[in-house]
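Numbering (my numbering), first residue to last: 1 to 192.
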């Protein structure tokens, strides 16, 4: 009951969504609160792990990133060929030479059931892909992700048109990102 507002509720009568404010809510969070909510979550997570748990989770995150680096290093260019910390940066420049951009690879990952990694960052890496596996990912999940990335690399050579058309299995196909950047729709509005 003390959560910030508004709370979204569905009106069972007509199926519309309503914004409600419970009696004991702390109300709306304004910008002056900054990222307070996420800081509380992070603090609670740290406290729940304790010193030894936090160290173990950090080590797991580093291990996961280095595992991905080892599995994908032959397929994707590694601009920084050294042990990484919690994230690994690859370049899609080899795939770009075949006519496939990093954006295409990220979109194709959606077809394989994975959320795309951060792309085109860091800016100093051509066709950058920054992969940050969490500390809680299982070895099976990491292997499945790497298998998808390796399959996409093969597709870049054998059937690049599939990668360039991705996503093909998602409910929404590739969006016009240039129009979205020029004419952003930042909130839903009911039809007139």
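The C-beta atom is built at its ideal place from N, Cα and C for all residues, glycine as well.
query	result
Check whether the Cβ atoms of residue 92 and residue 102 sit closer than 8 Å, and answer yes or no.	yes
Rounded to whole angstroms, what's the CA-CA distance from residue 45 to residue 51? Just pull it up for me.	11 Å
Assign residue 130 to one of three DSSP states: helix, strand, or coil.	strand
Excluding the 5 residues preceding and the 5 following residue 173 in the sequence, name in chain order all residues of the same chain whose CB lies nearer than 8 Å to its CB.	167
Rounded to a whole number of angstroms, what is the C-alpha to C-alpha distance between residue 82 and residue 165?	33 Å
In angstroms, rounded to a whole number, what distance separates the CA positions of residue 26 and residue 161?	52 Å
Quick check: the region 47 to 65 against the region 133 to 151, are there 3 or more CB pairs under 8 Å?	yes
Does the region 108 to 124 come into contact with the region 147 to 156, if we say contact requires no fewer than three beta-carbon pairs (one atom in each stretch) closer than 8 Å?	yes
What is the DSSP secondary structure of residue 53, reduced to helix, strand or coil?	helix
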